[in-house]
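Let me begin by presenting the structure, written as structure tokens, before commenting on it.
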Amino acid sequence: MTFTLSSSDLLDLSVGAAVLGTGGGGDPHIGRLMARRAIGSGHVRVLGLDDVDDDWFVVPCAQMGAPSIGAEKLPNGAEPVQALRTLETYVGRTADAVVAVECGGINSMIPLVVAAQTGLPVVDADGMGRAFPELQMKTFAAYGVSGSPMAMAGEFGETSIIDTGGDNARMEWLARGVTMRMGGVAHISEFSMDGRDLKRTAIPGTLTLGLTIGRAVRRARTEHRPVSEALAEVVAESGYAGVRSLFNGKIVDVERTVDAGFTKGRARFRAFESAAELVVDFQNEFLTARLDGELVCVVPDLICVLDSETGEAITTDRLRYGQRVQVLGIGTPPVMRTEAALAAFGPAAFGLDTPFVPVEQLA
Amino acid sequence: MRIGIDVGGTNTDVVLVDGQRVVDSLKVPTQPDVTTGIVSVLKQLHERNGYRTDAVDAIMIGTTHFINALIERRRLAPSAAIRLGLPATAALPPMVEWPESLVEAIRGTPYLCHGGNEYDGRVITRVDRDELRRVVDDIVAKELRCVAVTSVFSPVTAEAEAEAAAIIAEHAPHLLISQSHEIGRIGLLERENATIINAALSELAIDIVRGLRTAISGLGYSAALYLSQNDGTLMDIEYARRFPVSTFASGPTNSMRGAALLSGLSDCAVVDVGGTTSDIGILQGGFPRESNVDVTVAGVRTNFRMPDVLSVGIGGGSIVGTDPSGGPDVGPQSVGHEITERALVFGGEVLTATDVAVAKGWSDLGDPERVSHLSQEYVDQILDRIVERIAEGVDRMRVSARALPLVAVGGGSILLPAELPGLGEVVHLEHHAVANAVGAALGMISGEVDRVFSVPAGQRESLLDEAKQEAVDRAVRAGAVPATVEVVDVDEVPLAYLPGNATRIRVRAVGELNLKHAAPVAEEGVRA
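Chains as they are written, first to last, in the working numbering: chain A, 1 to 363; chain B, 1001 to 1528.
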């Protein structure tokens, strides 16, 4: 399904992208402002995954680096398109469409900036179905698409190509080094592929899902109805496996440590009317939720902590004692639950010894 | 003796303090012209107490002048926003998300220039003297009078801002310059926004400071003049001229500080029950806990330091109504400052929270006969709602499950019982209605160090000691009694993404105001 997206949709999309960020993904605020300026009074054309021609050349776009640096050293604005153009030149093909690498957090917005500045359509899909902390944690990689060649651009107009052949981990490692030299943030194009591969490996409908989640949160708030109910309705219309209400309560404890560039920690929630306790572990994003010791949701299924009053997602760095929250689990679509996908971003990829069990079976 | 004045949205409160003892207090409605209001309340205080004006050593004022000017878009100066960061940051120029009316009100003009630093202190580009001169020529041609200078990562290193400010001052000495590293923290747009607001208020600040000083010496006082800051300490008025945004949240801060001083508690929750809302905050070591999220002021996201305050829509003037299920409910609608005309006990026609407290016998305000028709059961239901909402607010604000004493201040604190469910005793105070003015009167003097240090192995302790000593020295230089200065806050944040064990160290030292030192006002303002 094709539709157009305008500046007035961006606020809803940023609220939805924060929910899909499952505690991480970076604040979509800066990305939203960039997209708003790029789109202006115009619009961006959004194509359904089915509308993509098999022979098209599709390029995923993203920002890479530390979100806290990105909030201080803003981009020049030309980098996202420059990364795309650099990749096109290297490969010798011209992009027919762009697509998101990550639909959760700030990276939901970057392809819209590129689309608005180039006039290219953006495909309603992505390679993570949520937010993940590492670049290789994506369905594109899990299903054999090569990340290389990767193009990077910095604010001085400098560009870099990293081509490691089929070795995605080495590509990521080298790209981290370049990113730090570029000042902690870079814009990238990688995992370029034809339409056939995109249809085989991408998670469909995730831009629409972000938008409809944002709209549902806004409407639920004005209509004073439970956000979980409104979210369940929109998620049911997507390819995701549905919404489970995991918990209602308040945060009673948060522990956090910074380890090897990741924020790791644990939050405890206590129910209002009973002694029930939910414990959620996180590493940038939420990884596991345990209700009185029993696992109720585990990565890659989404654990979303929402403010009880506003329905907006609370990120792991903003969790605080006393917050009234509801915790939801969102079941991922089948493409994120295969053996290959779970090897890339399932519990084992985070060093957890819990096997993956779908949230619909746990809660 | 000292005089503390807190100018609130509804009332202006004043106290006369001798040592730590409150001699007298007054509450009068705030007047549209704040300075006139301050003069009138000082006259009343003098008439009631007949003290010698030269026995007053210092006058401390917490004021809403500046925040109101911003919200009402009055007397804002035409301002330029210079950002140093090119080629970075051009994607989102200054004031990108401001309300159009506010940009117009300050004739906000953005300039993107070279300069700025990376996260690790490396230079992005050098400050370009010729480029800045051309910008200053344009600023002068456009008749802008104030300048906000913001460079990328200036909280890590302020060199670029200082260099640019020197060039601007050399080229056009009449321009009033605000530098972002003195105002906000990491987060470019939010810090820049706060700096532009400060710049646009800096002419007004000069006027107000001059006006207050003239008015007070016109009444025969030779006292030193201080303004209350967001963090609960004082700044001399020369400093206030340069940092008007430092007064933005002094109201709630003064209430909390007053609660600490009157109760003798340094770690507690404070609820300030006003006419329309209850403001809940947390005192740690006698000072308000700071908010760690961005604060939106007049439609603009900023990140300057503000006390972490939760406002609950319950106050003395809250109107009693019904909830969707038909049960009794209170607020957030309020009769506000019209309570003395519209509440039942004052002869009005509206049932307010205050009426209910009178019916319960917790207060003897007005005419209790006028609420005698309310059933005890109904009254209890409403008071339960009030207590429930405030207790939830207090619980939200606590950082741990550990019990914290709760101090109630403000005119509406009659709504609260002696104990809250799940939270324990509520400390009610004498002079509770003017706690904010007490907080202003007994304000302290602070010195602060906030820098990114590279911490070599084994030298953490000596670096910390160095930073502490520097903070103490700054407090003393700003006018604190040396023997009373204590380090109240040490915050170490390892910057995980930086090499060389970079750590942001923030140390704050606070001491009592040296009244002898206070008399001569320094040429250049200091808070350090």
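Beta carbons are placed, not taken as given, at the ideal position from N, Cα and C, and that holds for glycine.
Touching or not, the stretch 1153 to 1164 of chain B and the stretch 1179 to 1189 of chain B, by the rule of three or more beta carbon pairs under 8 angstroms?
The stretch 1153 to 1164 of chain B is in contact with the stretch 1179 to 1189 of chain B.
Report the residues of the stretch 1382 to 1398 of chain B with a CB closer than 7 angstroms to any CB of chain A, ordered along the chain.
Here the close residues are D1395, R1396, M1397 and R1398.
Residues that DSSP places opposite B:I1005 in a beta bridge
Within the second sequence, the letter at position 5 stands for residue 1005 of chain B. B:V1014 and B:I1061.
Chain-order list of residues whose beta-carbon lies under 6 angstroms from that of A:A116 (same chain, five-residue window excluded):
Working through the first sequence from its first residue, we reach residue 116 of chain A at position 116. Only residues of its own chain outside the window of five on either side were considered, and among them A38, I39 and V44 have a CB closer than 6 angstroms to the CB of A:A116, listed in chain order.
Taking Cβ to Cβ, would you say A:P204 is nearer than 8 angstroms to A:M109?
Taking the first residue of the first sequence as 1, we reach residue 204 of chain A at position 204. Taking the first residue of the first sequence as 1, we reach residue 109 of chain A at position 109. For the pair A:P204 and A:M109, the CB atoms are not nearer than the 8 angstroms cut-off.
Where are the alpha helix (DSSP H) runs, 4 residues long or more, that stay fully inside the stretch 1401 to 1461 of chain B, in chain order?
Runs of the alpha helix (DSSP H) inside the stretch 1401 to 1461 of chain B: 1435 to 1441.
Any chance the stretch 1119 to 1135 of chain B sits against the stretch 1225 to 1243 of chain B, with 3 or more Cβ pairs inside 8 angstroms?
By the criterion of at least three beta-carbon pairs nearer than 8 angstroms, the stretch 1119 to 1135 of chain B is not in contact with the stretch 1225 to 1243 of chain B.
The alpha helix (DSSP H) with A:H29 in it runs from where to where?
Position 29 of the first sequence, counted from the start, is the residue given in the question as residue 29 of chain A. Start and end: H29 to I39.
At 8 angstroms on the CB atoms, spell out the chain B contacts of A:K73, in chain order.
As a first step, residue 73 of chain A must be located in the first sequence, where it is residue number 73. Per Cβ cutoff of 8 angstroms: G1085, A1088, T1089, G1116, E1118, Y1119, I1124, V1152, F1153 and L1188.
Less than 8 angstroms between the CB atoms is what I'm expecting for A:A232 and A:V217, so what's the real figure, rounded?
Position 232 of the first sequence holds residue 232 of chain A. Position 217 of the first sequence holds residue 217 of chain A. Between A:A232 and A:V217, the beta carbon gap of about 12 angstroms keeps them out of contact (Cβ cut-off 8 angstroms).
What are the start and end residues of the alpha helix (DSSP H) that includes B:H1046?
In the second sequence, residue 1046 of chain B corresponds to position 46, counting from 1. Per DSSP, B:H1046 is one residue of the alpha helix (DSSP H) stretching across V1034 to N1049.
Please name the residue or residues paired with A:Q63 in a DSSP beta bridge.
Looking up residue 63 of chain A in the first sequence gives position 63. Partner(s): A:H187.
To the nearest whole angstrom, what separates the beta carbons of B:L1515 and B:A1058, a pair I think is in contact under 8 angstroms?
Looking up residue 1515 of chain B in the second sequence gives position 515. Looking up residue 1058 of chain B in the second sequence gives position 58. Confirmed, Cβ separation roughly 6 angstroms.
Is A:D301 buried or exposed, if buried means 16 or more other CB atoms sit within 10 Å of its CB?
Within the first sequence, residue 301 of chain A is the residue found at index 301, counting from 1. So A:D301 ends up on the buried side.
With 16 as the cutoff for other CB atoms within 10 Å, does B:R1241 come out buried or exposed?
The residue labelled residue 1241 of chain B in the question sits at position 241 within the second sequence. Answer is buried; the Cβ neighbour count reaches 16.
Judging by CA-CA distance, which residue of B:S1334, B:E1290, B:V1136 and B:P1032 is the nearest neighbour of B:D1491?
Residue 1491 of chain B sits at position 491 when you count from the first residue of the second sequence. Residue B:E1290 holds the alpha-carbon nearest to the alpha-carbon of B:D1491 among B:S1334, B:E1290, B:V1136 and B:P1032.
Does B:E1486 come within less than 8 angstroms of chain A when only Cβ atoms are used?
As a first step, residue 1486 of chain B must be located in the second sequence, where it is residue number 486. It does not; no Cβ of chain A falls within 8 angstroms.
Suppose contacts are defined by Cβ-Cβ distances below 8 angstroms. Is A:A95 in contact with A:F57 by that definition?
As a working note, residue 95 of chain A is residue 95 in the first sequence. As a working note, residue 57 of chain A is residue 57 in the first sequence. Contact check for A:A95 against A:F57 passes: the beta carbons are separated by less than 8 angstroms.
Cβ-based burial, B:D1395 [other Cβ within 10 Å; buried from 16]:
For this step, residue 1395 of chain B is matched to residue 395 along the second sequence. Within 10 angstroms of the beta-carbon of B:D1395 lie 16 or more other beta-carbons, which makes it buried.
Any beta carbon from chain B within less than 8 angstroms of A:M34's own beta carbon?
Taking the first residue of the first sequence as 1, we reach residue 34 of chain A at position 34. Cβ-Cβ to chain B under 8 angstroms: yes for A:M34.
Return the CA-CA distance between B:I1082 and B:G1115, expressed in angstroms with no decimal places.
On the second sequence, position 82 is the one that residue 1082 of chain B refers to. On the second sequence, position 115 is the one that residue 1115 of chain B refers to. Going from the Cα of B:I1082 to the Cα of B:G1115 covers about 11 angstroms.
Counting C-beta neighbours from all protein chains within 10 Å, is the total for B:R1402 16 or more, i.e. buried, or is it exposed?
Residue numbering aside, residue 1402 of chain B sits at position 402 when the second sequence is read from its first letter. In summary, B:R1402 is exposed, with fewer than 16 beta-carbon neighbours lying within 10 Å of its beta-carbon over all protein chains present.
Thinking B:S1318 and B:A1353 are a contact (beta carbons under 8 angstroms), I'd like their distance in whole angstroms, please.
Along the second sequence, read from residue 1 onward, the residue named residue 1318 of chain B stands at position 318. Along the second sequence, read from residue 1 onward, the residue named residue 1353 of chain B stands at position 353. Right, their Cβ atoms sit about 4 angstroms apart.
Would the beta-carbon of B:L1175 fall within 8 angstroms of that of B:I1197?
Translated into the one-based positions of the second sequence, residue 1175 of chain B becomes position 175. Translated into the one-based positions of the second sequence, residue 1197 of chain B becomes position 197. Against a cut-off of 8 angstroms, the Cβ pair of B:I1197 and B:L1175 comes out as no contact.
Find out if the Cβ-Cβ distance for the pair B:V1476, B:V1507 is shorter than 8 angstroms.
Looking up residue 1476 of chain B in the second sequence gives position 476. Looking up residue 1507 of chain B in the second sequence gives position 507. With contacts defined as CB atoms closer than 8 angstroms, B:V1476 and B:V1507 fail to qualify as a contacting pair.
Just checking, does the stretch 221 to 238 of chain A make contact with the stretch 145 to 158 of chain A on the three C-beta pairs under 8 angstroms criterion?
Segments in contact, no.
Would you report the Cα separation of A:R196 and B:V1245, rounded to the nearest angstrom?
Along the first sequence, read from residue 1 onward, the residue named residue 196 of chain A stands at position 196. Along the second sequence, read from residue 1 onward, the residue named residue 1245 of chain B stands at position 245. About 57 angstroms.
Within 8 angstroms, strictly: CB atoms of A:A153 and A:Q82:
Within the first sequence, the letter at position 153 stands for residue 153 of chain A. Within the first sequence, the letter at position 82 stands for residue 82 of chain A. Yes, the Cβ-Cβ distance between A:A153 and A:Q82 is below 8 angstroms.
Checking the sheet assignment: what are the DSSP bridge partners for A:G249?
Within the first sequence, the letter at position 249 stands for residue 249 of chain A. Answer by DSSP bridge pairing, in chain order: A:A271 and A:V325.
Cross-chain neighbours of B:V1295 in chain A, by beta carbon under 7 angstroms
Residue 1295 of chain B sits at position 295 when you count from the first residue of the second sequence. Ordered by position in chain A, no residue passes the 7 angstroms Cβ test against B:V1295, which lies about 14 angstroms from the chain.
Determine, using beta carbons only, whether B:V1149 and B:E1161 come nearer to each other than 8 angstroms.
Position 149 of the second sequence, counting from 1, holds the residue named residue 1149 of chain B. Position 161 of the second sequence, counting from 1, holds the residue named residue 1161 of chain B. With contacts defined by Cβ atoms closer than 8 angstroms, B:V1149 and B:E1161 form a contacting pair.
Secondary structure of B:F1153, DSSP reduced to three states
Here residue 1153 of chain B refers to the residue found at position 153 of the second sequence. In this structure, DSSP gives B:F1153 a state outside helix and strand, which the three-state scheme calls coil.
Which residues mark the beginning and the end of the alpha helix (DSSP H) in which B:Y1239 is found?
Mapped onto the second sequence, residue 1239 of chain B falls at position 239. Note, B:Y1239: alpha helix (DSSP H), I1237 to R1242.
Would you say A:N76 reaches chain B, if we count a Cβ-Cβ gap shorter than 8 angstroms as a contact?
As a working note, residue 76 of chain A is residue 76 in the first sequence. Under the 8 angstroms criterion on CB atoms, A:N76 is classed as interfacial with respect to chain B.
Using the beta-carbon of each residue, which ones in chain A are nearer than 8 angstroms to B:E1097?
What you label residue 1097 of chain B is simply residue 97 of the second sequence in a count that begins at 1. Per Cβ cutoff of 8 angstroms: L33.
Which residue comes first and which comes last in the alpha helix (DSSP H) that contains B:D1329?
For this step, residue 1329 of chain B is matched to residue 329 along the second sequence. B:D1329 -> not in any alpha helix (DSSP H); beta strand (DSSP E) instead, spanning P1328 to S1334.
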